[in-house]
Structure formats: C-alpha cells, structure tokens
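Chains as they are written, first to last, in our numbering: chain A, 5 to 371; chain B, 5 to 371; chain C, 5 to 371; chain D, 5 to 371.
Number of protein chains: 4
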Amino acid sequence: MIIVMGNKSPIEEIQRVSEELSIWDVTLEKSIGKHKVVIGVVGDTEEIDPKQIQNLSPFIEQVLRVKKPFKRASLEFRYGEPTEVVVPTPNGSITFGQNHPLVIVAGPCSVENEEMIVETALRVRAAGAQFLRGGAYKPRTSPYAFQGHGESALSLLAKARLASGLGIITEVMDTSDLDKVASVADIVQIGARNMQNFSLLKKVGATGKPVLLKRGLSATIEEWLMAAEYILDTGNPNVILCERGIRSFDRQYTRNTLDISAIPVLRSLTHLPIMIDPSHATGKSEYVSTMAMAAIAAGTDSLMIEVHPNPAKALSDGPQSLTVEGFEQFMQEIAGLGRFFGRWTQDRSPSATLSLQVSSTTAIFSG
Amino acid sequence: MIIVMGNKSPIEEIQRVSEELSIWDVTLEKSIGKHKVVIGVVGDTEEIDPKQIQNLSPFIEQVLRVKKPFKRASLEFRYGEPTEVVVPTPNGSITFGQNHPLVIVAGPCSVENEEMIVETALRVRAAGAQFLRGGAYKPRTSPYAFQGHGESALSLLAKARLASGLGIITEVMDTSDLDKVASVADIVQIGARNMQNFSLLKKVGATGKPVLLKRGLSATIEEWLMAAEYILDTGNPNVILCERGIRSFDRQYTRNTLDISAIPVLRSLTHLPIMIDPSHATGKSEYVSTMAMAAIAAGTDSLMIEVHPNPAKALSDGPQSLTVEGFEQFMQEIAGLGRFFGRWTQDRSPSATLSLQVSSTTAIFSG
Amino acid sequence: MIIVMGNKSPIEEIQRVSEELSIWDVTLEKSIGKHKVVIGVVGDTEEIDPKQIQNLSPFIEQVLRVKKPFKRASLEFRYGEPTEVVVPTPNGSITFGQNHPLVIVAGPCSVENEEMIVETALRVRAAGAQFLRGGAYKPRTSPYAFQGHGESALSLLAKARLASGLGIITEVMDTSDLDKVASVADIVQIGARNMQNFSLLKKVGATGKPVLLKRGLSATIEEWLMAAEYILDTGNPNVILCERGIRSFDRQYTRNTLDISAIPVLRSLTHLPIMIDPSHATGKSEYVSTMAMAAIAAGTDSLMIEVHPNPAKALSDGPQSLTVEGFEQFMQEIAGLGRFFGRWTQDRSPSATLSLQVSSTTAIFSG
Amino acid sequence: MIIVMGNKSPIEEIQRVSEELSIWDVTLEKSIGKHKVVIGVVGDTEEIDPKQIQNLSPFIEQVLRVKKPFKRASLEFRYGEPTEVVVPTPNGSITFGQNHPLVIVAGPCSVENEEMIVETALRVRAAGAQFLRGGAYKPRTSPYAFQGHGESALSLLAKARLASGLGIITEVMDTSDLDKVASVADIVQIGARNMQNFSLLKKVGATGKPVLLKRGLSATIEEWLMAAEYILDTGNPNVILCERGIRSFDRQYTRNTLDISAIPVLRSLTHLPIMIDPSHATGKSEYVSTMAMAAIAAGTDSLMIEVHPNPAKALSDGPQSLTVEGFEQFMQEIAGLGRFFGRWTQDRSPSATLSLQVSSTTAIFSG
C-alpha cells in the first residue's frame, strides 16, 4: 500500500499518520521528496481498508493498493500450483482442476418430480455427465413464480444420486436450510444473487463441503475472489468458481454477457478451478453449444449445462434448457474439442455398471 | 399478455396452445389475421412467465407482457393513493409518505461502542433527525474487514433509542438473526446485496415490522418492485424503497451513480414511499448535501445520511460520513428547500423533553 | 505519476527506466526501500501514458497517476474561478456560468418547416427561453429514419433567430458541414455519439464559436473532460458541458440514466459551465419537469428542454417533447425554485420589444 | 408491429389511428376484443419508429416491434446465405466468410516509421497473416497523446503493402481524409468511437471499398447492425463486423469485456462476416492467445492481432501488443485449433515467392 501526501504536509502530520499506521503489523518506508511524500506500507495490508487510511489526514492525496486484497484465493498463496477439488460420488471421485479432464454437470433448473429427475440423471449420466444439477430451492424474481419443491425435492435428488451414481449439485439460499441441503449435496451451490450473502458464505464454508460459488450479476472479479476468500477463510479449501454471465447494457439477444475473459484473468490471479455455465449466461439453448466450445478453448475446467426432458413444460428456465437428446448431441459435439485439448476423460461412455444401474432403476418406475 | 404466432401456424397448433393456456385462470381473445395470429391473454397474468409460454410451441414468435409483473406494489393496487408507513418511536409516530414532511434518518455505518452511538443519536436528534441508523451486522466485501459487533451492538442501539427517543433502523443479513434484530429495530433494513435474498425477504415480511428495502447495485426498477412484492405478499404493507446508487461503468469519482430519476419513475409505478441515501450513492461526504438537495427537489419522502462523530477513525465507510457538525450544517442547508416544497416538519427542533433526556443519558456515561 | 518496481529489480534496470523517462521534461524522485522501489515522476505528466511507462520494464509492478490527465479543463487551471461563457444573441448577450441566472434552451428535436420552427421560437421566447435548439442534421440509429433537412433547415433556423431574437444551438455531425453550421449557430453542438470524434472536436474548437459538448452515452467523466480538453487546446475557452443521460443496465422506464451527480463532481474538477438535458435523458416528457427541478437544486447552470408544437406528429423524438403549453407550464413550475436559489433572471418575461417582434413575425405567416 | 390500445378507446380514436397509419405502405389487421384492441401492422415496418406511433394517441398502451429494424443486414435478406467479402491484395484475393479459412490481420496500433512498419509487415506475413493493420490517424482520449502521423503514415503503409504483398486495413476518422485513406487501404476501418458517426458511415459506404466496422464501446448488437445498415444502404455489400470488447462495470483486469457471445448471436441475425480483436478487448498481451482460441472455437471468420516489433517503445497501446516473436508463437498455437475446425488455409506458411520478396525488401533497408 502506498500513501501519497502533498508537498505542503507538515512534518508533524506525516509523523502522526505514521503513528496511526502502527496499529497494524506493518513496516513503513518513508521517502520525502521535494513535491510529494510517499509512505510505503509493507506487510499484511489485505486487512487494511484504503478508504480508512485516506481518512487519517486531509494532507493524504491518494492511497494506492499495490497488493491484492485477497490472500488465500491468490495464486501466490499456493505458489502458483492449481487447486484440485476432489469430490467423492457414488461413481467414484471426480477431480476439478487444470490438469484434469473437463467435468460435466448437467440437469434441470428445478427438480419437478421423481420420474423427471431420475430419468434426467440416468440419461445425462449415460451421455457422459459426472454431476447432476437440480434446484430444490429456487431464487425467482417473482414471488408468484415456482419457488422449488424445497425439502421434498432434496429427497428426490438423493434418489437420483442413488439411481445414477452422479454427484449432486444443488443451491442453498438460506442458512436455516443448510443442514438439509448439505446432507444431500456433494457440492453446495451458492447462487449469483447470494454471492455477497456473507452469512451464507461463512456457514456454507464451515460445513467443509465443496462449494460452487457463482459470480454475481454485476460482481467484479475482485469481489468474486473476495467472496471465495470468505469460504477459504473458514478453512475449507474446496471452492469452484462458476462464471454464469454478467449484466451489461445489452440484454436483447442474450440474457447476460458470458465473460469468457474471466477464464484467463482468473488463471493469472487464483489457483481455484473454474466452471462455465453457458445456459444461464445466454438464456437460449441454441447458443449453449457454441459458448461451451469457446469456454473449452479458453481452458475451463468444467461446464454446467441445463438439460430438461421436456423444456416446453419446464417449471422454470425452459428456453435455455437442452432436451436430453440435445444434450447427447452436445456431448458428441464437444468431445472432439475436449480431446483436442487433452481434457476428455477416457471412460466417459456408459459402462457396464451403469447399464446395470439403469435396469435396476427402471424397476423403480415400473414398480 | 399477447402471444404472436406466425402465419404458417397450423390451426391445430393454435388450438393446442390455447388449451395449454387454460391451466391459468385467464380469458383468451384470438384474432387470426392473414399474416399473424394474435392471442390476447387477459386476467391475472402476473403469475405467468412469458418464457414458459414462449416454450409452448415453435410457432410462437413473441410473447409480450402488457401488464406489469407486480401487483401489490403497483399504483393501481391502491387506486393511485400513496401508502403511508407509520412507525411508532419513543418520540411519537413518524409517517413516511408523499403527503408528509421529509423524514430524516442519520447515523453511523456501524455501531462501534456505547458512547459513540448514544452521543451520535443525541446529536442527530438535536439537529432534527427522527431515526438513527447504525449497523450491528455489516456486509463487507472482505472477510478481513470489520464485520460489525453483532448482538452486542443491538443492545447499544436499544440504549441509544432509549436515550434519544429516535426510532432505530438496522440491517439484518441472516434469517437466523432476524428475531434479535426485529426486537430492537423499529424498521428492519434489507441491504442492497440482499435485495434478492428471497428467503430473507419472506421472513422479514412475516415479522410485520416496517421494512426498508434498499435497491440492489444493479437491480432494475422492476426487479426492485418484485422484491418489494415478496414482502407485500406476506401481508406486510409497510415497505419503504431506498435508492442508494447503482453500479455504472464510471466509478472514478463517485462510488455509485445515484439514480434520481428512480423517484419520478417509482411515483408513476408504485404507491410505496421513497428514501434516498446520498452517502452510499456517492461515497464522498462532500457530495452528500448537493445530492440530497436534488433528491428533495425530485420529491423524495425521506433521506438517509451517514453521520459519524469522528469519520477519520470510523471502522467502516468513513469517507462518506458527515461529522456531527457537518450534519448540523447539512440540516440547516436543506431546511430551506424542505420548507420551499412544504415538506419540513414544524417541530423538528429539540424539545424540552429531549433536553431532559440528554441530561439523564449523560448520567449513563458518568455512572 | 508514481512508478512502483518490485524488490528484485536490478539496480541497472532501475537506472535504465530512469533514463527512458528522461525524454519527458520531468523530475524524478527515487526512493529505494527494502521491499519496493518507488519512483515519483514530477512535472507535466498529463502527456505521459501510464500504459506506455508500464511497458518499459517487466520489473514495473504498477504505474499510478496522481495528477489528473486534463489540464486546461481543470479547476486548478483557472485557480478555482468558474468560466463564464458569454454568447451574443439578437436579444443581447447571455452568460452561462455559476454566478449567473439559469439559461433555458428550448425547441424541437428537428427543424421540420418554417412555420413550425418560427412559431416554436416565438412561443418559447415568450415563455422565457434564451436559446432555441433545433436539429438540421440528425444522428439517427436507423438509416431509414428522418435524417434532418440539412442545409435548408439551417436557413429556417436563421429565420427563427431573426424572428425571435433567440440564440441558436444546433448540432454539427460532419466536419464538411461545419462552415455552414457555424454561420448560423450561436453555439455549435457536438452530440453524444460524436463526443470522441476527435477530428470534429478539433475543427469545431478552431472556429472559436462557443461549443456545447454533450457527454457520450457511456463516457466517463474523465473522458468527457478530455474531450473538452481537445476543444480548449485549440485556444477556444468557450465550452459548455451537457449531461444528457448515460447508458445503464436498466432501460425499461427511462431511455438513459440522468447522472445528476455529474454536477457536483464536475464542480470539484472543472471551471466549465454545465447544462442538463432531462428530455433526452429520460426520453419521457412526464419526467422532464421533476428531473429539471433536481438539476436546478444540484446547481446546473442551464437546462435544455425539448419542445414541439405537436409532439404526436414530431418527425423525431416525440415522446420526450413537451408541448408549447407544457413548456409554458414547466417554466412556471421551475421559476419558483430558480428564484429560491437566486438563479432566475428578472426580465425573462416577454418584453415590449418581443411583443413587437411577435406581431411583425406573425406577418410573415399571414404574408 | 403491433399496437395495443386500451379497452376504453373510443371507436373514433381507433379509426383515427388507423388513418394516420395509412401514410405508410402497410396493411392493418384490427382485432377488437373485450379488453384490448390490437392492431397488427404488416409490411415494411423497418422504417416506422415505434415511439412515433406511440405518440399518435393517448389510448395507445404499447407499440411492439415484431420485425427487426434492419433489413439489408438481416439473414433473411440473403435467404440465410452468408456474405463473402472478397478483398484483392497484392498476394491475391482473400475471402472473409463462414465457409473460408480464418483471415489473420496483424500489425501495430500506429505506423511509427518506415522501417518499423515494413519490417512488421514482412514478419507477420512470414508468420501467416494476410492483412496488415496500422493506424495513420489515431483516435486518442487525450489531445496530448500521439495522434498518428496522418498522411505521411499512409504512404508508409503503401510501401509496406508493396514490400509484403499484404492487404492494408487502416482507420478513417474524418470524412475529409476519406479519399486519401481509401487510396491506400484495401479495407477501410471505422473505429469503435465512430460507429455511430453516420456521416462517415454513409461516405465510407459510398466509396465501394470493403469496410471493417468496429462495434462501439457500448453499442447494442442491434445498434451495430443498424450502423452496418447505413453502409449497406449505400449499395456497398462489403461489410465486416469487428467485435473489440464492450464496456462493463469491471475494468480492473481487462480494458473491456470481449463479448464472444456476439458471434453466435450475429450468426442468427446476419449474413455478414465477423472479426474478433482480442488485443483491444483485453488490453493485455498475455490474454490475447486464450481469447483468440475462444473466438475460433465460437466460429469467428477473422482475427485482428496487435503486433509491434518493440512494444515497450510503442507510441500507443504497447501493453496489448504481441512482439513479432510472440506473434509467430501465437500463430503456431492457434494453427492446430484452426485446422481442427477446418478453417486453416493450406498455404499460410511462407512461400518461395515470399522469401523472394523478403530478400528484395531487405534490400530496401540495406540500400
């Protein structure tokens, strides 16, 4: 941190400011020039608010942060080595990370009923997904819109997990639902609207569960990493960052603007793995495949794709959902590119075990 | 709601779409032209999601909402009559509304200690404020920044309330703190970052307490009114809307952009009272007075002003705080304009009762 | 300007950077601490591009601008004294400036025909306007929309000027039309879309005519002042800055977001006079009066109001235009507030001379 | 276009509105329901401004555009067939289009001197570029920044063209420079700041030269296509659309936000070829390669890459420039992906002819 004071600063004032700074555990390097006095503040300055320093004296012209305000999320914190978030699922452990195959998350916006969620799980698993997404609690702009089936949807997710072997990703909106959600989810999602719900961040972090942290609609990269820092600061290192489109001035043809450049920017700032959600970002199923390709080429570690067995009847977010058949085709489209970049898992195709599971689950429906 | 179908829509498809629509309690008005088929959907269409309708058929070219998606927040809901939010305080009931004097809310960003909050309360009361703001739970971008003193700060607010007679406005961030906050606050604040924390909106609404709903950083007017609708839908009619600056592309000289035009826009859409917070909007104390003047001229019902006895030592948001003396001067500056618009209360000046309270409170400190 | 180099910078590299900097006429103040090397660059750093400096060495961690990049537009350039832009008109000289009455500019978006523009001029003059606005060349999003009557419209503006005595403000879009426009206009307008048309800025500046510089749709305050600097740099000091709404994420109820806070921010940065255009900012005539009031309260020096004798038939921008009667009422509404702030001219009401002119002009029509 | 009138609209008013509409060459389809009157307007409605219609009657509740406002730029205008822009260059004709290899444009921000531009041209040609970019007239935020060498730079571009055989892309900022620019450029560039400089669009279009139209900083997709429509409307079909980053709320780590989703959106709306400029979009050379990969995966037809022989000494935009060596490596990096998508030209590697040219040009320097 650098403090610039004007050339008319009295020597006592410079002294006073230096003393005020001594409450923090920092070293000061003063350089008194003819025109400006520059005080370099060295140490753990992440915890110092530049605005507070600015306030110390009217002679302070500028306070400039040189170090980044995040620490545990920073690339330096792990000496440049990428984090691997390893998530146990019934089908085995899946790793999110730069040196691992692309992880594919698929599923509907909301869990609507048992048949729908189990069928979707089995089909996206067969097509190569490793995680099932599905909302039990849904943040909706309107109080009159479908709000998710809540607790009962969680038990349906548990069934879909059992039937398909997929890991489960589902969102928590309220700290009072956290235990229930964490008991079912393999990865707990914090949605875009709650990215700066700091109480939720702390409590979700404290569960120790892997956390999927979606970027807020108009959150800067720095605010997003600071939100991750809240989770990391609880001692939970398993955070995955999900870009899902930011709000821009143009919302006519896409719902949000997918910020693909967040990928290389995050790579230069943090060790955390990255997921891209082209479904929510564009809001239109016809753009999902193209934007997923762009994300893979830019190096994403994971993709989240909305899939619904019958988008026309979806209780929420139908227009952005692929059909199950559309998802099967999508997986074929991206597989070549995944292989080109050496990030396609060998055994993504349905295994014998899976076939077995399919038949046993089919029994559930016929039973 | 209007559904436009293309000129090649088969008659069976038009029929099918009409039947699908019958699950809602609406009346259809079909008009089949040479080029387009237009289906007018009349009734309680607030509850219908245009995106869901769009999905019903590939022949649907456009779905256009004619009615507004909010109902209880709409001006029509009260036949154009403005809501009056009446809040009991120790100093008597205060009314927020278009036909009432400006309500002035003042106080520090966070409650720091007893002396500080009680002194500030007494001084802003003496200068003419009716409410004390002060954060017990603080949403901070960084986990390393001061997070508020929490529960103990609530009890200090209770003391300040008793000492000054001012009503208390303080923020709740987590549903699990709601009971504690609601037991002290006369008005419960939902902060900008939680505007779309729908669980919180529902539970705060259900307390029946008056709610101050701050606009999200990049929330549209419609999203903001939909958030208010969540509260109103719990049966709680006491919502005050607070504009506190939106995020724009330019953040160099002001922290946010105060959207003064929200005032006339809200007036044309809703009956709810309006508050303007120029302190958070600009982030600089030197701009607060000018922007407050603009807000008064545009017809705001209330102002929220940050005041700190010693901004240079503030644990949060110092640069945007007025000193107590600055606030006294501010009140004198705006009084003339308030009177010009007939919105200045007669008995804002400190009363005999207050003097009495001041002396009894001073005793607290000396005790 | 401050250059921060890392603690591993070789002494030769620091030396090399210092030498590279010597091509500018600046003084360097080096301070070599244990952790960082800070080089203060003192002098006319407005002309140095921080990005270029950053490029000088990979050891440079940050380049921080301390001084503002504009010079002639800065408040310091005139030692804090506000500029007065004095514009001769047939009715006498009108002064734009902080210590002068509000200047009112009114008129239609485009000049449509002689009767329309002359009638509007006479009526807005009678209601108290000092300038007539009217477009001869119109920037329109669509090539199929009315583009203005061009040169012939300029001669109609000249007639309206003669008939009413009002000064003329009209926009130039192309350097090749500049001579024609400047021969008629008392103030040449540069529109929002051309704010960074630097060729135009230079050539308009060189005419010596007063210039009305509209803020670009997504121009930062700094970019706007830098555009003004282009004009000032030609030796032309007569620049008026016009805020007309910026582009934000919400365009549902207002076309743009009127940035009222630009007024106090500009006051703290520049000596140039300020105009506010609530008509283009909101895009809706019903919000014009409220936003004009806000602008007056915030200290604007001038207002630009769209007025059309028959908005429903306007060839462009009808919905934001006041009728002539609406404008008369508007002037009555704002007069009180103008007087409250001591910024209402005494003799704004129609004078005897004007009455004479009205009758002689009426003759034009009857002739 | 659809006009919705309220249920209390008098029959005479509906009749009057219908008559007013008859001045356009459109067919009306009225449907009078119990609650709303809907008038469908069929025909060439691109030329009708919805706001003007709105103004026709206070009983009109909404005017909704069903057709797109652009016509010649629309995909339908060419029945879904992509445009091929064929540009003759000394090295042969190069085609921009969806069914053609990626076209690579490379070169410095500004032309600085002969050696620099000729050397860069030869080296980027050898690495596989087909066009040389280089600014003679530079739009710069500050009047004190380097403005380009103007006319003399044009003659250096002509020399570089001769020496390398590359086509030339350079920007025109002022209609008065157009003849000079068009005499040297193979493709005339309209910069982001001039995207809505409609006089320039018309005159550049009228030259018949291929036009590179950069998207404005905060231009919507629709405004961008309308700007293209200005050029197409002059009878010039050779327009290439270049996305170069849009302005968002976050400018900390990238200068702009590259809107990759513009690629699939444009594909669904227009037949025009697309170029992506990752250099200006990110403002940082280290992100250029990753974003170029994303653009290729999303289907761009062309890339514009900033290359400077010595970025540290660049007179403008150094930090975003690749070195010549960096560009050679970049071309190797993207070649594989280009081939994967079948969009890499076979003979991009330096040919015998080129080697010849290199040696003969080297002679220029040694001469």
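Virtual Cβ for every residue (Gly too), placed ideally from N, Cα, C.
>> Quick test of your reading: T286(D) and T258(D), contact by CB under 8 Å. State the CB separation rounded to the nearest angstrom.
In response: The C-beta separation of T286(D) from T258(D) comes to about 5 Å, placing the pair in contact by the 8 Å criterion.
>> Strictly under 7 Å for the Cβ-Cβ distance: is T294(D) near chain A by that measure?
In response: With 7 Å as the cut-off, T294(D) counts as an interface residue toward chain A.
>> By alpha-carbon positions, which one of A210(A), C113(A), S252(A), R144(A) ends up nearest to A4(A)?
In response: Any property of residue 4(A) remains undetermined from this structure, which presents chain A solely from 5 to 371.
>> Rounded to the nearest angstrom, what separates R69(D) and V42(D) at their Cα positions?
In response: Straight-line measurement puts the Cα of V42(D) at about 13 Å from the Cα of R69(D).
> Would S187(B) be called buried (16 or more neighbouring beta carbons within 10 Å of its own) or exposed?
Replying inline: Residue environment analysis places S187(B) among the exposed positions, since fewer than 16 neighbouring C-beta atoms fall within 10 angstroms of its C-beta.
>> With a threshold of 7 Å between beta carbons, is E33(A) in contact with chain C?
In response: True, the Cβ-Cβ gap to chain C drops below 7 Å.
>> Rounding to the nearest angstrom, what Cα-Cα distance links G132(C) and A302(D) in this structure?
In response: Distance from the CA atom of G132(C) to the CA atom of A302(D), rounded to whole angstroms, is 58 Å.
> Nearest to D281(A) by alpha carbon, out of I244(A), P86(A), H275(A)?
Replying inline: Cα-wise, what sits closest to D281(A) is I244(A).
>> Whole angstroms are fine: how far does the CA of A149(C) sit from the CA of D53(D)?
In response: Just so you know, the alpha carbons of D53(D) and A149(C) end up roughly 7 Å apart.
> R197(A) and Q336(B) look like a contact to me (Cβ under 8 Å); what is the Cβ gap, rounded to whole Å?
Replying inline: With a contact defined as Cβ atoms closer than 8 Å, R197(A) and Q336(B) miss out at about 41 Å.
> Does DSSP put E116(A) in a helix, a strand or coil?
Replying inline: Three-state DSSP puts E116(A) in coil, outside helix and strand.
> When the Cβ atoms of the region 75-90 of chain C are set against those of the region 142-162 of chain C, are three or more pairs found closer than 8 Å?
Replying inline: Contact fails: fewer than three Cβ-Cβ distances are below 8 Å.
> Who are the Cβ neighbours of A223(D) in its own chain at under 6 Å, not counting the five residues just before and after it?
Replying inline: Result list for A223(D): M199, in chain order.
>> Taking the straight line between their C-alpha atoms, what separation do you get for E227(A) and V176(A)?
In response: When rounded, the distance between both Cα atoms is 20 Å.
> When the Cα atoms are used, what is the spatial distance from S156(B) to S114(B)?
Replying inline: Approximately 12 Å between the Cα atoms of the pair.
> For the region 149-212 of chain C, which segments carrying the beta strand (DSSP E) assignment without a break, of at least 3 residues, lie completely within its bounds, in sequence order?
Replying inline: Here the runs fully enclosed are 171-175, 191-194.
>> Strictly below 8 Å CB to CB, what residues from chain A border V46(C)?
In response: For a Cβ distance threshold of 8 Å, residue set G37, K38, H39, K40 of chain A lies close to V46(C), ordered along the chain.
>> Assuming G47(D) is part of the beta strand (DSSP E), what are its boundary residues?
In response: Residues 41-47.
>> Taking DSSP's pairing of strands, which residues face K34(D) in a bridge?
In response: According to the DSSP secondary-structure assignment, K34(D) is paired through a beta bridge with I43(D).
>> According to DSSP, R137(C) sits in a beta bridge with which residue or residues?
In response: For R137(C), which the question treats as bridged, DSSP gives the partners I173(C).
>> Per DSSP, what are the beta-bridge partners of L307(B) in this structure?
In response: Looking at the DSSP assignment, L307(B) forms a beta bridge with I108(B), I280(B).
> Can you list, in chain order, the residues of its chain whose CB lies under 7 Å from that of S163(C), leaving out five sequence neighbours each side?
Replying inline: Checking the sequence shown, residue 163(C) turns out to be Lys, not Ser. In chain order, E118, V122 place their CB closer than 7 Å to the CB of K163(C), counting only its own chain and leaving out the 5 sequence neighbours on each side.
>> Spatial neighbours of I300(A) within its chain, please: C-beta separation below 8 Å, excluding the five flanking residues on both sides.
In response: Short of 8 Å from the beta carbon of I300(A), and not among the five residues preceding or following it, lie these beta carbons of its own chain, in chain order: L106, L307, I338, L341, G342, F345, R347.
> In or out: V21(A) buried (at least 16 other Cβ within 10 Å) or exposed?
Replying inline: By the neighbour-count rule (16 or more Cβ atoms within 10 Å), V21(A) is buried.
> According to the Cβ coordinates, are G111(D) and G138(D) closer than 7 Å?
Replying inline: For G111(D) and G138(D), yes; Cβs fall inside 7 Å.
>> Does G212(A) pass the burial test, meaning 16 or more other C-beta atoms within 10 Å, or should it be called exposed?
In response: Its Cβ having fewer than 16 others within 10 Å, G212(A) is exposed.
>> Bridge partners for P92(B) per DSSP, in chain order?
In response: Answer is S97(B), bridged to P92(B).
> Quick one: Cα of Y234(C) to Cα of I98(B), how far?
Replying inline: Distance from the CA atom of Y234(C) to the CA atom of I98(B), rounded to whole angstroms, is 53 Å.
> Is the shortest distance between the beta-carbon of M297(A) and the beta-carbons of chain D less than 7 Å?
Replying inline: Under the 7 Å criterion on CB atoms, M297(A) is classed as interfacial with respect to chain D.
> Is I6(A) helix, strand or coil by DSSP?
Replying inline: Here I6(A) carries a strand assignment [DSSP, helix/strand/coil].
> Candidates K40(B), P14(B), Q56(B): which alpha carbon is nearest I27(B)'s?
Replying inline: For the residues K40(B), P14(B), Q56(B), the minimum Cα distance to I27(B) belongs to Q56(B).
>> By the 7 Å beta-carbon criterion, what residues does the region 57-80 of chain D contribute toward chain B?
In response: Taking 7 Å as the upper bound on Cβ-Cβ separation, chain B lies near residues E65, Q66, L68, V70 of the region 57-80 of chain D.
>> Using beta carbons (cut-off 7 Å, strictly below), is Y83(D) in contact with chain A?
In response: Judged by the 7 Å Cβ criterion, Y83(D) is not in contact with chain A.
> When you compare each of P62(A), I7(A), H39(A) to E290(B) by their alpha carbons, which one comes out closest?
Replying inline: Considering only alpha carbons, the answer is P62(A).
> At a Cβ threshold of 7 Å, is F100(B) touching chain C?
Replying inline: Taking CB atoms only, F100(B) has no neighbour in chain C less than 7 Å away.
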